[in-house]
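Residue numbers (my numbering): 447 to 812.
Note that beta-carbon positions come from the ideal geometry of N, C-alpha and C, so glycine has one too.
The model shown is predicted, which means the values in this text are computed figures rather than measured ones.
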Amino acid sequence: MKEQVVAIRCRTYEEEEVRGAVEKVFTLAGVDRCAYDKILFKPNMLSARLPGEGVTTHPSVLREAVLYFGAKEKLIGDSPANSLKPLQVYWEKCGYLDVSGRTGAKLVKFGDSFFVETSCKNGIVKVPVTSLLKDFTLVNVAKLKTHGLTVLTGAVKNLYGLIPGYQKSMLHSRFVSPLDFSGFISEYYESVRKYVSFNLVDCVISMEGSGPSSGKLKETGYIIGGRNGLAVERACCRLLGVSEKNVPYLRETEKKYGLPDFEIIGDGIRPVSNFSVPGQRIYGLMSNPLVKPWLNLAGRFFRIEPVIMPSRCRECHACIQVCPVNAISRNLEFDRKNCISCLCCFEVCPYKAIEVKKSFMARIFT
Ligand code: SF4
Ligand code: SF4
């Protein structure tokens with residue numbers, strides 16, 4: 447049976463327009479307002495950035511999702527990797543404090559956790575996720591963006607935020623290469639998908655280029671939702687004109703479990719043109735058995751490194767705190783031998799003061 451994905455046009459974050467679109471998504475997907483008693487809404491709160499910067503789930507989309515449901519208890523929670531700043535700062539900057547005030551939903555910190563078992567190529571990994579999943583059903587309210595390591599982030603990658611704080615960074619040191627990390631994301635999704643009741647993706651304005659935090663914004667004009675996160679992700683790929691074969695976590699899932707067949711209902715999807723998604727060429731080439739050995743040979747010339755732009759740096763030390771292998775010193779110098787190119791520092795820098803330097807070979811393929 448085909449999974450249904452609802453795609454509704456939404457060109458702005460105006461309250462009325464977003465409300466109409468979000469309500470249509472839930473209604474067409476057959477989700478009743480009283481479907482759940484206790485809901486945890488999980489936005490993408492990557493960084494303490496303003497809604498207009500397009501780094502986080504827009505508060506209008508989150509607000510309307512929360513307002514749709516008549517649940518007895520509603521929580522809003524996410525766990526950013528950089529825990530130097532108090533969560534209050536994130537909530538305020540991202541506009542979620544206002545969402546909480548207008549909806550009555552309580553903002554929560556992910557404190558206690560339990561382990562889900564995720565099978566990886568080296569065996570089973572016990573991954574901590576918020577204990578709230580035991581009592582609350584999850585409504586995943588994601589943001590569509592490019593991502594330096596995983597090519598895209600939408601419904602599937604947003605669930606990585608269920609892992610409390612710094613432990614997310616530590617997993618990067620365990621799954622060092624972008625392909626290993628994407629393989630982990632694919633398996634991790636399989637181990638947490640049962641906790642998710644619905645996936646809603648803010649694709650009104652999406653980030654292209656150097657996502658997930660330093661790219662350019664482009665109008666993509668939709669709110670997309672469905673019960674199956676992988677089907678929703680496939681629909682997002684169609685919107686951006688990206689081949690699923692070039693999104694490594696989708697390709698890994700397809701190889702092992704197959705991707706769900708899906709149909710779009712609602713307004714249909716009109717793909718945006720020339721959406722810039724760096725990195726997808728290399729993953730597409732890696733799937734070609736004729737090219738792969740040459741890429742392995744060329745791998746030693748394939749380097750991606752973070753570089754600090756001193757003129758923009760405000761010495762907040764978020765990068766130092768998030769680095770899983772302590773490769774950034776107190777005076778903000780990189781230890782190139784230890785750096786695993788996870789780009790966590792690039793992701794969390796609130797001032798776009800870290801850029802990604804690529805070797806000649808990396809520039810050709812990404
Ligand atoms: S590079 Fe960015 S995250 Fe690191 S100290 Fe400077 S401003 Fe902060
Ligand atoms: S310096 Fe940046 S890219 Fe290198 S390991 Fe640390 S966080 Fe990752």
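Backbone secondary structure at residue i - three-state DSSP
i	result
R782	coil
N645	strand
A481	coil
R716	coil
M616	helix
E654	strand
K640	helix
V501	coil
E563	strand
A453	strand
F515	coil
I609	coil
A588	strand
Y703	coil
T666	strand
P574	strand
T599	strand
V753	strand
T473	helix
F582	coil
V688	coil
G661	coil
E709	strand
V464	helix
P724	coil
E538	helix
Nearest-angstrom beta carbon gap, residue j and residue i [assumed within contact, 8 Å]
i	j	result
S506	I522	With 8 Å as the limit, S506 and I522 do not qualify as a contact, their Cβ atoms being about 14 Å apart.
Q450	I631	Q450 to I631, Cβ: 24 Å. No contact.
C769	C791	6 Å
V771	N784	5 Å
G667	V647	So it is not a contact: roughly 12 Å between Cβ atoms.
E510	R479	Incorrect: roughly 12 Å between the Cβ atoms, too far for contact.
Y413	V468	A query on residue 413 cannot be resolved here, the shown segment of the chain reaching from 447 to 812 and no further.
E654	S722	4 Å
V512	K520	6 Å
T576	P624	Between P624 and T576 the Cβ distance is about 26 Å, and since that is not below 8 Å, they are no contact.
C566	E463	Their Cβ separation, rounded to whole angstroms, is 42 Å, which puts C566 and E463 out of contact at 8 Å.
R684	P717	6 Å
V428	N720	The structure shown does not extend to residue 428, since the chain is modelled only from 447 through 812, so no value can be given for it.
L584	S628	Wrong, their Cβ atoms sit about 22 Å apart, outside the cutoff.
R673	A475	7 Å
Y459	V587	That belief does not hold up - the Cβ atoms of Y459 and V587 are roughly 14 Å apart, past 8 Å.
Residue i CB to nearest heavy atom of ligand 2 below 7 Å
i	result
P756	no
A681	no
P624	no
C785	yes
C480	no
L789	yes
V771	yes
V768	yes
P724	no
P526	no
P752	yes
I774	yes
Any non-hydrogen atom of ligand 1 within 7 Å of residue i CB
i	result
C762	yes
A799	yes
L553	no
V794	yes
C765	yes
L778	yes
C759	yes
Nearest residue (CA-CA) to residue i, options the options
i	options	result
V571	T699, F560, K520, G661	F560
G704	R680, S775, S659	R680
D524	V471, E510, F556, G541	F556
V622	V452, Y797, C788, W537	C788
Y542	A517, V642, L578, P497	P497
P694	L553, V602, N568	V602
L663	K589, T583, K614, Y641	K589
P423	F472, V477, H504, G675	The structure shown does not extend to residue 423, since the chain is modelled only from 447 to 812, so the question has no answer here.
T592	G476, R684, P658	P658
I786	L486, I774, V597	I774
D626	Y612, C649, K640, L595	L595
E813	E698, C765, L676, P756	A query on residue 813 cannot be resolved here, the shown segment of the chain reaching from 447 to 812 and no further.
E461	L508, I715, R697, S615	L508
Y635	L696, M491, L598	L696
S637	V573, K539, G600	V573
is_contact[residue i, chain D] using C-beta, thresh 8 Å
i	result
R455	The chain inventory of the structure shown lacks chain D, comprising one protein chain alone.
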